[in-house]
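Colleague: Same order as they appear, the protein sequences are chains A and B. Quick note on the working numbering: the first sequence kicks off at 361 and runs consecutively. Quick note on the working numbering: the second sequence kicks off at 361 and runs consecutively. Positions of the beta carbon are idealized from the N, C-alpha and C atoms, including for glycine. Values in this document were obtained by computation on a predicted structure and should not be read as measured data.
2 protein chains.
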Amino acid sequence: MNFADRLALAVQEAGTPLVVGIDPWADRLPGLRPGMDRTALAGLAREFGLAVVGAAAGQVPALKPQFAFFEALGPAGMQALADVCGAARAAGLLVIGDAKRGDIGSTATAYAEATLAPDAPFPCDALTVSPFLGPDSLQPFLAAAEAHGRGLFVLLRTSNPGSSRWQSPVVEDLSAWIDTTNAARGAYGPVGAVIGATHPAEGAALRAAMPHTWFLVPGFGAQGGSAADARRMLRPDGLGALINSSRGATFPAGRDGDFDLAPERWIRTRIAAVRGDLRG
Amino acid sequence: MNFADRLALAVQEAGTPLVVGIDPWADRLPGLRPGMDRTALAGLAREFGLAVVGAAAGQVPALKPQFAFFEALGPAGMQALADVCGAARAAGLLVIGDAKRGDIGSTATAYAEATLAPDAPFPCDALTVSPFLGPDSLQPFLAAAEAHGRGLFVLLRTSNPGSSRWQSPVVEDLSAWIDTTNAARGAYGPVGAVIGATHPAEGAALRAAMPHTWFLVPGFGAQGGSAADARRMLRPDGLGALINSSRGATFPAGRDGDFDLAPERWIRTRIAAVRGDLRG
Numbered sequence: 361m362n363f364a365d366r367l368a369l370a371v372q373e374a375g376t377p378l379v380v381g382i383d384p385w386a387d388r389l390p391g392l393r394p395g396m397d398r399t400a401l402a403g404l405a406r407e408f409g410l411a412v413v414g415a416a417a418g419q420v421p422a423l424k425p426q427f428a429f430f431e432a433l434g435p436a437g438m439q440a441l442a443d444v445c446g447a448a449r450a451a452g453l454l455v456i457g458d459a460k461r462g463d464i465g466s467t468a469t470a471y472a473e474a475t476l477a478p479d480a481p482f483p484c485d486a487l488t489v490s491p492f493l494g495p496d497s498l499q500p501f502l503a504a505a506e507a508h509g510r511g512l513f514v515l516l517r518t519s520n521p522g523s524s525r526w527q528s529p530v531v532e533d534l535s536a537w538i539d540t541t542n543a544a545r546g547a548y549g550p551v552g553a554v555i556g557a558t559h560p561a562e563g564a565a566l567r568a569a570m571p572h573t574w575f576l577v578p579g580f581g582a583q584g585g586s587a588a589d590a591r592r593m594l595r596p597d598g599l600g601a602l603i604n605s606s607r608g609a610t611f612p613a614g615r616d617g618d619f620d621l622a623p624e625r626w627i628r629t630r631i632a633a634v635r636g637d638l639r640g
Numbered sequence: 361m362n363f364a365d366r367l368a369l370a371v372q373e374a375g376t377p378l379v380v381g382i383d384p385w386a387d388r389l390p391g392l393r394p395g396m397d398r399t400a401l402a403g404l405a406r407e408f409g410l411a412v413v414g415a416a417a418g419q420v421p422a423l424k425p426q427f428a429f430f431e432a433l434g435p436a437g438m439q440a441l442a443d444v445c446g447a448a449r450a451a452g453l454l455v456i457g458d459a460k461r462g463d464i465g466s467t468a469t470a471y472a473e474a475t476l477a478p479d480a481p482f483p484c485d486a487l488t489v490s491p492f493l494g495p496d497s498l499q500p501f502l503a504a505a506e507a508h509g510r511g512l513f514v515l516l517r518t519s520n521p522g523s524s525r526w527q528s529p530v531v532e533d534l535s536a537w538i539d540t541t542n543a544a545r546g547a548y549g550p551v552g553a554v555i556g557a558t559h560p561a562e563g564a565a566l567r568a569a570m571p572h573t574w575f576l577v578p579g580f581g582a583q584g585g586s587a588a589d590a591r592r593m594l595r596p597d598g599l600g601a602l603i604n605s606s607r608g609a610t611f612p613a614g615r616d617g618d619f620d621l622a623p624e625r626w627i628r629t630r631i632a633a634v635r636g637d638l639r640g
């Protein structure tokens, strides 16, 4: 089954477009004690990731592990990432690897092999990629995605305050490239687009202009995008967009003892609350 | 000492602006045998990287490991990357991590901690970064670089055929942002720019327009940029640009038995030849 169809089915089965991000921020991990070395922190990151997997299974269609936080913990952190990706897929969740990779030729192929191949060490159903190097730089990722029923989410309009400066000059051409690439492949194609909930009007316009493209929408909650803003990225049938919540769905606003005692239970309650917030 | 001064000293000491890339392409590694698993391939990637370090020490100012090829080999590959980065720095070579990372806020900080912090698991003297998310996305990388005497190389005009499409609309503003950021910090600043040897005329114009910025120049050799093209990125004093050669300096053009028998000796001879080619 191609990625767009798998995504639609997963959203329909879960009854929500909510995606939960896994950001194992070393300063905030449950079980953290002073003086822990990187290997110990990688163990906590693994446990945190597995707690999110356990809490999310059956509640949402997909998880979005953030590669940077695992990479900061070194090779042991990357082993934790591999374990968390594998556990999420085993639990029936789609995995969107948030790595924002981008490179050319065989280097791009190597990044795709790391994540999108059937025997990838960091197995993902989709990968976030940066388009800055040009359309030829996206082809190795697209080839791997199509060969293996996986998908991409290309950065188009990110949620941060400075995103317009070097994205706005290319957004029209890039959005057309993405949707045209998809149009040749069916109702929805495998090349998604990242569009922040912090740009609701532009997002709604892009929604109308890109009928063949799934959106991945960060910026809901902590970064200031409202549930109503985020919902503007959906099509009327409730498909066409995944709305991400990372720390809002997985970390307490302040320090919280209950979090340390039973993170999976705490996160499950939080995810249910964010699902409700998003429904409005 | 700040990164720009360290770079100038290293180029002067080595007597060449040549940087050697480390691309442990799994299909071409010395010692490769059919049916090797990822852990075995990671061992070969480590040996290959250490052979390049041994061959390059004293001959060139810097090495440029390509993160993608290590990542494709999983956590063991990332351990090999950590070992190769550490060995290169111990041998007195500057390490330019070619990772093309880019993200926002604490995620960008995590990528910087992975590579630019004093105790980084993948220790680099500089990191390639993508500017697509905007100037605010570069600030965490810049803060880490400045705090620790490290540098960045921002993608500006990459060497691939399709690079113009989403780079040309922003190249003027992005190049001005980079050089202005540097100008506040001295003759040369810590924010380098990646400019392919495949754009010699545009590169020469950017060289004139960006007097405070070190260039990192890929595309010399295999990708079609000539030595004369690459040298146009240098200032008259021979500083201001690093010229990269990856596979041309480290892999035989065809299969070659001698490569398997003594890779370090073979690569040393090859690096000396590419140094000579670049001198013209």
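What does L487/B reach in chain A if we use C-beta pairs closer than 8 angstroms?
Modeller: Neighbours of L487/B on chain A: none; closest Cβ ~12 angstroms, over 8 angstroms.
Colleague: Short check: CB of I627/B to CB of A374/B, under 8 angstroms?
Modeller: no
Colleague: What's the C-alpha gap between S466/B and F611/A?
Modeller: 15 angstroms
Colleague: Under 9 angstroms Cβ-Cβ, which residues of chain E neighbour Y471/A?
Modeller: Of the protein chains in this structure, namely A and B, none is chain E.
Colleague: Can you give me the Cβ contacts of G579/B inside the same chain, cut-off strictly under 6 angstroms, excluding the 5 residues immediately before and after it?
Modeller: S519, G556, A557, T558 and G585
Colleague: Just checking, does the stretch 411-429 of chain A make contact with the stretch 374-384 of chain A on the three C-beta pairs under 8 angstroms criterion?
Modeller: In the pairwise beta carbon analysis, the stretch 411-429 of chain A is classified as touching the stretch 374-384 of chain A: at least three pairs are separated by under 8 angstroms.
Colleague: So what's S490/A in DSSP terms, helix, strand or just coil?
Modeller: coil
Colleague: Taking the Cβ atom as the reference point for each residue, do R398/B and A370/B lie within a distance shorter than 8 angstroms?
Modeller: Their beta carbons are not under 8 angstroms apart, which means R398/B does not touch A370/B by this criterion.
Colleague: Check whether the Cβ atoms of A622/B and I603/B lie closer than 8 angstroms to each other.
Modeller: A622/B places its beta carbon 8 angstroms or farther from that of I603/B.
Colleague: Could you please tell me which residues of the stretch 523-534 of chain B, in chain order, have their CB closer than 9 angstroms to any CB of chain A?
Modeller: Listed by position along the chain: S523, S524, R525, W526, Q527, P529, V530, D533 and L534.
Colleague: Is there contact between the stretch 427-444 of chain A and the stretch 433-453 of chain B, where contact requires at least three CB pairs shorter than 8 angstroms?
Modeller: yes
Colleague: Going along the chain, which residues of its own chain have a beta-carbon closer than 6 angstroms to the beta-carbon of A505/A, five neighbours each way excluded?
Modeller: L476, G511, L512 and P550
Colleague: Between A402/A and A451/A, what straight-line distance do the alpha-carbon atoms span, to the nearest angstrom?
Modeller: The straight-line gap from Cα to Cα measures roughly 21 angstroms.
Colleague: What would DSSP say about R362/A, mapped onto helix, strand or coil?
Modeller: Correcting the residue type first, residue 362/A is Asn in the shown sequence and not Arg. In this structure, N362/A counts as coil in the three-state DSSP scheme.
Colleague: Go ahead and pull the three-state DSSP assignment for R639/A.
Modeller: For R639/A, the secondary structure class from DSSP, reduced to helix, strand or coil, is helix.
Colleague: Under 8 angstroms between beta-carbons, which chain B residues line up against P491/A? List them in chain order, please.
Modeller: For a Cβ distance threshold of 8 angstroms, residue set F492 and W526 of chain B lies close to P491/A, ordered along the chain.
Colleague: Taking the alpha carbon of A447/A as the point to measure from, which residue in F429/A, F408/A, F575/A and A428/A has its own alpha carbon closest?
Modeller: Shortest Cα-Cα distance from A447/A to any of F429/A, F408/A, F575/A and A428/A involves F408/A.
Colleague: Taking 8 angstroms as the limit between beta carbons, can you name the residues of its chain near F619/B, skipping five residues before and five after?
Modeller: P390, F611, P612 and W626
Colleague: How would you write the range of the alpha helix (DSSP H) that G546/B sits in, first residue to last?
Modeller: Unbroken run through G546/B: none, as it is neither H nor E.
Colleague: Interface residues of chain B around D597/A at Cβ under 9 angstroms?
Modeller: Under the 9 angstroms cutoff, chain B gives no residues; its nearest Cβ is about 31 angstroms from D597/A.
Colleague: Which residue wins for smallest C-alpha separation from L487/A, given the options L515/A, G462/A and G457/A?
Modeller: G457/A
Colleague: DSSP has R461/B in a bridge; who is on the other side?
Modeller: V489/B.
Colleague: Along the stretch 493-524 of chain B, what residues have a CB closer than 8 angstroms to any CB found in chain A?
Modeller: L493, G494, P495, D496, S497, L515, T518, S519, N520, P521, G522, S523 and S524
Colleague: Measure from the alpha carbon of G598/B to the alpha carbon of each residue in N362/B, Q372/B and M361/B, then state which is nearest.
Modeller: Taking only the C-alpha atoms, the option nearest G598/B is Q372/B.
Colleague: So, helix, strand or coil for R517/A, using DSSP?
Modeller: strand
Colleague: Which term fits D383/A, buried or exposed, when burial requires 16 or more other beta carbons within 10 angstroms of its beta carbon?
Modeller: Under this definition D383/A is a buried residue.
Colleague: Indicate whether at least one CB of chain B lies closer than 8 angstroms to the CB of M438/A.
Modeller: yes
Colleague: On the DSSP bridge list, what partners appear for A553/A?
Modeller: V514/A and F575/A
Colleague: Would you kindly report the start and end of the unbroken alpha helix (DSSP H) that includes L401/B?
Modeller: R398 to A416
Colleague: Kindly identify the DSSP beta-bridge partner or partners of V322/B.
Modeller: Any question about residue 322/B goes unanswered here, given that chain B covers just 361 to 640.
Colleague: Going straight from the alpha carbon of E431/A to that of P491/A, what length do you get?
Modeller: 22 angstroms
Colleague: Note down the Cα distance separating A536/B from V577/B, rounded to an integer number of angstroms.
Modeller: It is roughly 18 angstroms from the alpha-carbon of A536/B to the alpha-carbon of V577/B.
Colleague: R517/A and V530/A: beta carbons closer than 8 angstroms?
Modeller: no
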